[in-house]
Each structure stands twice: as C-alpha cells, then as structure tokens.
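Colleague: Quick note on our numbering: the sequence shown kicks off at 22 and runs consecutively.
From the three backbone atoms N, C-alpha and C, an ideal C-beta is built for every residue, glycine too.
Just so you know, these numbers come straight off a predicted model, no measurement behind them.
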Amino acid sequence: MTIRGKEARKLAGVLVARRLGQRILDLVFPARCVGCGASGAFLCPACRLALPPAAPPRCARCWRPWRDSGPCAECRLSPPPFDGLRAAFVYRGVAQELVRALKYRGTTALAPAMASLMAETARQERLPVDVVVPVPLSGLRRRTRGYNQAEALAGALGGELGLPVRPRALQRRRHTPPQARSADADERRRNVAGAFRVRDGEVAGLRVLLVDDVTTTGATLAACAQALKEAGVPSVWGLAFARED
Ligand SMILES: [Zn+2]
Ligand SMILES: [Zn+2]
Numbered sequence: 022m023t024i025r026g027k028e029a030r031k032l033a034g035v036l037v038a039r040r041l042g043q044r045i046l047d048l049v050f051p052a053r054c055v056g057c058g059a060s061g062a063f064l065c066p067a068c069r070l071a072l073p074p075a076a077p078p079r080c081a082r083c084w085r086p087w088r089d090s091g092p093c094a095e096c097r098l099s100p101p102p103f104d105g106l107r108a109a110f111v112y113r114g115v116a117q118e119l120v121r122a123l124k125y126r127g128t129t130a131l132a133p134a135m136a137s138l139m140a141e142t143a144r145q146e147r148l149p150v151d152v153v154v155p156v157p158l159s160g161l162r163r164r165t166r167g168y169n170q171a172e173a174l175a176g177a178l179g180g181e182l183g184l185p186v187r188p189r190a191l192q193r194r195r196h197t198p199p200q201a202r203s204a205d206a207d208e209r210r211r212n213v214a215g216a217f218r219v220r221d222g223e224v225a226g227l228r229v230l231l232v233d234d235v236t237t238t239g240a241t242l243a244a245c246a247q248a249l250k251e252a253g254v255p256s257v258w259g260l261a262f263a264r265e266d
C-alpha cells in the first residue's frame, strides 16, 4: 500500500472514531429541547418562536411596561443609576424554562443559544457598549452551585458581539440573601445597596454592558450600576435574558 493510501485509511479511521464518539456523546447526553423535550437541540425551532418577546411599549429607561417609550413614573421620580435596561423576553413560558435550566440544572450548553438571542436585542437596541460584565454571584453561592449563570451568558455574549468580557470587574462585598419573591421594590433595593465593589482598573473609562439572566425590579442591576458609576464608568446599560413583568 502507498503512503497516500495508508494516510487516507488513517484519516478515515479518525473520522469514523470521531463520528462514533459524537454518537456516544449524543446517547449519553442527548440534546433535548428545554421547552418540549424534543430531541436534537436544546431549543427547537417551534419553542424558539414561542419565546415571549419583551416588546414595547415600555419605559425607555427601566423597560417595565409603560404607556409609551418615555420614562415611567418611577424613573421620573428617582432615575435609576443605569443609563438603560433591556431584556430580550418576558420571564414566563419557554423563557422561564430556559433560565431555570441554565440556573439549576447547570446546562451551560444553553448559554451560547441564550446569548445569541440576547445579542439580537443588543443590536436592535444599538446599545452603546465597550465591554461586557456579568452580575457576580456571592462566593458562597458560587461554591454551592459551581458556576455563575450570568458569567456563562456574558462570556458567550462577548463572543457574539465581538466585545471583551471582564468577569471579575464586579465583586460581591457580602452574601446577600436570594431575593424573596414577596419582597417589594424598596426592600429589594435595600437588600442589595452597597453589595458590590469594582475592581480597580478592570473597566476604567469603558462603557459597560451589565449582564444577568433574569431581572425583576432591576434592583441588583441598579446596585451594580451604582458601584460602577462611583468608580468612574461613563455609561452602564443592563441586559437580561428575561424580565419579570
Ligand atoms: Zn421545543
Ligand atoms: Zn422606568
């Protein structure tokens, strides 16, 4: 047999092994749609279409449903520290399933798919940003869960938008309890006020895109934005995958 033939056989062998490897992976970890369970992908085309978009009319600043695109009553009364907040979807249905799967089942394979949907929103809204920063988990929660879902989204989003990611620009000062669903907006703000600090030099002079998986009142994003602004960051936009209306 010629050298060429040998090489071709070796290459064919590698390809077969690779295909077999992929098939075994698919058998062990079959990609199933988070919405309907159909096999083949983590989000099937039908469930992708069923995602509830966070469509206008919404407050231009905080993105809560509002009668027009002007600032809502709350933003007029006390403007939030961020320049604006956007969310791709409303936190229900398939959008809720995706956020839960990313957070509690540790399906980091979902982050690229979710980030590409967030990138569409960032482009549509022409968010003026230079760098991507995730909302940090407390050290305690990170240790128990193993990874930060906001960081997984931020990493993939940076790739989508061609922007640098600074996962450690923000740090939690102390452990804050998970936000209770019953807490009102004021209570949530009090719980997270002063909870974050900015690492020197990480984002100095850059326009920041703050990333979280889900936002309710925007209190956590506001506390992060406050810390960034106090550290001299010129502009802060928040972007969440989903928003609780
Ligand atoms: Zn599906
Ligand atoms: Zn508002």
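Check this for me: beta carbons of V186 and V229, under 8 Å apart or not?
Modeller: Here residue 186 is taken as the residue at index 165 of the sequence shown, counted from 1. Here residue 229 is taken as the residue at index 208 of the sequence shown, counted from 1. Not in contact: V186 and V229 (Cβ atoms no closer than 8 Å).
Colleague: Rounded to a whole number of angstroms, what is the C-alpha to C-alpha distance between L184 and V152?
Modeller: Your numbering for residue 184 matches position 163 in the sequence shown. Your numbering for residue 152 matches position 131 in the sequence shown. Roughly 6 Å separates the two Cα atoms.
Colleague: Which one of G226, T238, E223, D233 has the shortest CA to CA distance from N212?
Modeller: Taking the sequence shown and counting its residues from 1, the one referred to as residue 212 is at position 191. Answer by Cα proximity: T238.
Colleague: Check the DSSP bridge columns for V154 and list the partner residues they point to.
Modeller: Position 133 of the sequence shown, counted from the first residue, corresponds to residue 154. In DSSP, V154 forms a bridge with L231.
Colleague: Could one say the Cβ of V235 lies closer than 8 Å to chain D's Cβ atoms, at least one of them?
Modeller: Considering every chain present, this structure includes no chain D. It has just one protein chain.
Colleague: Taking C-beta to C-beta, are P155 and N169 nearer than 8 Å?
Modeller: Working through the sequence shown from its first residue, we reach residue 155 at position 134. Working through the sequence shown from its first residue, we reach residue 169 at position 148. The answer is yes: Cβ separation under 8 Å.
Colleague: Terminal residues of the continuous beta strand (DSSP E) containing L191?
Modeller: Position 170 of the sequence shown, counted from the start, is the residue given in the question as residue 191. Unbroken beta strand (DSSP E) run through L191: 191-193.
Colleague: Say the cut is 7 Å; is the CB of R210 nearer than that to a heavy atom of ligand 2?
Modeller: In the sequence shown, the residue the question calls residue 210 occupies position 189. No, Cβ of R210 sits at least 7 Å from all heavy atoms of ligand 2.
Colleague: For the segment 98-113 and the segment 234-249, state whether three or more C-beta atom pairs, one from each stretch, are separated by less than 8 Å.
Modeller: These segments touch.
Colleague: Threshold first: 4 residues or longer. Then list the alpha helix (DSSP H) segments lying entirely within the segment 206-260, N to C.
Modeller: Runs of the alpha helix (DSSP H) inside the segment 206-260: 206-213, 240-251.
Colleague: Of all the options L174, A214, G56, Q117, which has the alpha carbon lying nearest to the alpha carbon of R193?
Modeller: As a first step, residue 193 is located in the sequence shown; it is residue number 172 there, counting from the start. It is A214 whose Cα lies nearest to the Cα of R193.
Colleague: Beta-carbon within less than 7 Å of F110's beta-carbon, same chain only, minus the 5 sequence neighbours each way: which residues are those?
Modeller: Reading the sequence shown from its first residue, position 89 is the one you call residue 110. L72, P73, P74, A75, A116, F262, A263, listed in sequence order.
Colleague: Curious, which full-length alpha helix (DSSP H) runs of at least 4 residues does the segment 89-164 contain?
Modeller: With a minimum length of 4 residues, the continuous alpha helix (DSSP H) runs that stay inside the segment 89-164 are 94-98, 114-125, 131-145.
Colleague: Which two residues bound the contiguous alpha helix (DSSP H) that contains E181?
Modeller: The count along the sequence shown starts at 1 and reaches residue 181 at position 160. Segment 170-182, the alpha helix (DSSP H) holding E181.
Colleague: Verify the contact flag: G114, CB atom, against every heavy atom of ligand 1, threshold strictly below 7 Å.
Modeller: The sequence position of residue 114 within the sequence shown is 93, counting from 1. It does not: the Cβ of G114 is nowhere closer than 7 Å to a heavy atom of ligand 1.
Colleague: Can you look up R69 in the DSSP assignment and give me helix, strand or coil?
Modeller: The residue you call residue 69 lines up with position 48 of the sequence shown. Helix.
Colleague: Is there at least one non-hydrogen atom of ligand 2 closer than 7 Å to the beta-carbon of R273?
Modeller: Nothing about residue 273 can be read from this structure; the chain reaches only from 22 to 266.
Colleague: Going by the beta-carbon positions, is the gap between L178 and A136 smaller than 8 Å?
Modeller: As a first step, residue 178 must be located in the sequence shown, where it is residue number 157. As a first step, residue 136 must be located in the sequence shown, where it is residue number 115. Yes, they are a contact pair.
Colleague: A190 to R218, Cα distance in whole Å?
Modeller: In the sequence shown, the residue the question calls residue 190 occupies position 169. In the sequence shown, the residue the question calls residue 218 occupies position 197. A190 and R218: Cα-Cα distance of roughly 8 Å.
Colleague: Once you ignore the five residues that flank D89 on each side, which residues in its own chain have a CB closer than 6 Å to its CB?
Modeller: Looking up residue 89 in the sequence shown gives position 68. Contacts found: P78.
Colleague: Let me check understanding here. Comparing Cα to Cα, which of G91, T129, E95, C80 lies closest to F63?
Modeller: Here the question's residue 63 lines up with position 42 in the sequence shown. For the residues G91, T129, E95, C80, the minimum Cα distance to F63 belongs to T129.
Colleague: Grouping DSSP H, G and I as helix and E and B as strand, with all else coil, what is V186?
Modeller: Position 165 of the sequence shown, counted from the first residue, corresponds to residue 186. DSSP places V186 in strand when its eight states are reduced to three.
Colleague: When the distance is taken between beta carbons, is A108 closer than 8 Å to V55?
Modeller: The count along the sequence shown starts at 1 and reaches residue 55 at position 34. The count along the sequence shown starts at 1 and reaches residue 108 at position 87. No, the pair does not count as a contact, with Cβ atoms beyond the cut-off.
Colleague: Suppose contacts are defined by Cβ-Cβ distances below 8 Å. Is S60 in contact with A52 by that definition?
Modeller: Counted from its first residue, the sequence shown places residue 60 at position 39. Counted from its first residue, the sequence shown places residue 52 at position 31. Yes, they are a contact pair.
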